[in-house]
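Taking it in order: structure first as structure tokens, then the write-up.
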Amino acid sequence: MKKLNYIILFKEPAFEGTVLRDDLRSLLTGYGASRIEPLPLVNGVACYLPDGVHLQGLRKEEMVTAIESNLQVSLYPVWLEAKHAIIKEGYQVIPWGIHRIGADQAWSQADGEGVKVAVLDTGCDLHHPDLRDNLGEGKNILDPHLPPLDDHGHGTHISGIIAAVRNDFGIIGAAPGAKIYPVKVLDRRGKGSFTDVIRGLQWCLEQNMRVINLSFGSNTGSNALHEAIRQVVRKGAVVVAAAGNDGTSHSVDYPAAYPEVIAVGATDEKDGLAPFSSQGKEIKLVAPGTNILSTKSGGSFWRLSGTSMAAPHVSGTVALLW
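If you read the sequence shown in this note's numbering, its first letter stands for residue -6, the second for the next number, and so on.
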């Protein structure tokens, strides 16, 4: 019988420390569960279950709060409109978005020094000359034995918008003194799962991250993901997320749509709403998101567009405020 990947949430405390209670493990295996992965942050587990009768029976168990599919999150497609940029040696640019939000006017008073910013994304180019001095030791959620290297490019671009250093080369980020912690939850195709993000948020909580940037999403909500967001916000983190690139009203994606999150739409260089930007009552702020110059894997730079690029402008601003 085919088995599918699910997230199961429990009503009562399910863990003794970080270990799943024996009675709950026995309950799950009794219904045919395999590859059980603890998710202490949300008082639940991820596992594979046979579809059909077994699943329906488990839903009725008194200790079970919810069962949901472990769906994918992904990057937004507009970022693929990429343009390579060449910057002369010994010359540093303040990108138009950084100037437009007034970050450069704040640097004489604050540059984000000491603020820990987690970027849950595809990882980061750990050796990029505009980033390496501002990188903390992050985490590869997909393969914990490896560093969070960016095999896609998106996460490196996001990191530069937030905190590219002032070094007379390349670009400057919104909070050039902040410390970026890359958390790899997306693969080389820009895909990840709800459980990958939840485990990434668990790491953020354990490492006392102050700001968390999420430039990805799903058009489907998740009780488990929402609970993870609630937990990290309750502990004092500020979570910023891209609204999505659907370009229509009432189209804010998750996790941006959750009330605990700062949902960010995108503006263009004329301060108008970018045509691709999702719209809806959940949006808290808009920020520059078109033709954004930032860091590229391999030590170079490129211009990308999307609400993915708008969100880190806000994350950098939050770091300045901290």
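Backbone N, C-alpha and C define an ideal beta-carbon position, used for all residues, glycine too. Since we're looking at a predicted model, the values are computed, not measured.
What does DSSP give as the partner residue(s) for residue i in the beta ladder?
i	result
GLN85	GLY163
GLN65	SER186
CYS317	Any answer about residue 317 is impossible in this case: the structure gives the chain only from -6 up to 315.
PRO43	LYS(-4)
PRO281	THR260
VAL176	LEU113, LYS132
Going by beta-carbon coordinates alone, are residue i and residue j separated by less than 9 Å?
i	j	result
VAL247	MET202	A quick correction: the sequence has Tyr, not Val, at residue 247. No, Cβ-Cβ distance for TYR247 and MET202 is not below 9 Å.
LEU179	GLY282	no
LYS132	LYS177	yes
ALA234	SER270	no
THR58	ASN216	yes
ASP126	ASN160	yes
ALA111	VAL204	yes
VAL86	LEU286	yes
PRO252	ILE154	no
TYR332	GLU61	No information on residue 332 is available, as it lies outside the stretch -6 to 315 that the chain covers here.
GLY90	ALA249	no
GLY292	ASP44	no
GLN272	HIS306	no
LEU135	ALA156	no
Can you tell me whether residue i is helix, strand or coil according to DSSP?
i	result
PHE269	coil
ALA156	helix
PRO31	strand
ASP239	coil
ILE134	coil
VAL233	strand
GLY105	coil
GLY129	coil
TRP72	Any reading at TRP72 needs caution, since the residue's pLDDT is 49, under 50, leaving its predicted position unreliable; the model's value is listed next. Three-state result, TRP72: helix.
VAL225	helix
ALA111	strand
Candidates the options: which alpha carbon is nearest residue i's?
i	options	result
ILE1	VAL204, ASN127, PRO33	PRO33
ALA168	GLU5, ASN36, LEU313, PHE3	LEU313
ARG223	LEU198, HIS243, GLY237	LEU198
ILE151	ASP114, GLN65, ARG182	ASP114
TYR84	GLY163, GLY229, PRO141	GLY163
ARG207	GLY23, LEU194, ILE91	The sequence as given places Leu at residue 207; Arg does not occur at that position. For the residues GLY23, LEU194, ILE91, the minimum Cα distance to LEU207 belongs to LEU194.
GLY166	THR22, VAL226, GLY95	GLY95
Assuming the contact rule is C-beta atoms closer than 8 Å, residue i and residue j should be a hit. Round their C-beta distance to whole Å, please.
i	j	result
LEU17	ALA26	Not a contact, Cβ separation roughly 10 Å.
PHE209	SER67	6 Å
LEU218	VAL190	6 Å
HIS147	SER301	7 Å
VAL245	ALA236	5 Å
Please report whether the beta-carbon of residue i lies at a distance below 9 Å from any beta-carbon of chain C.
i	result
ALA280	Among the chains in the structure shown there is no chain C, since it carries only a single protein chain.
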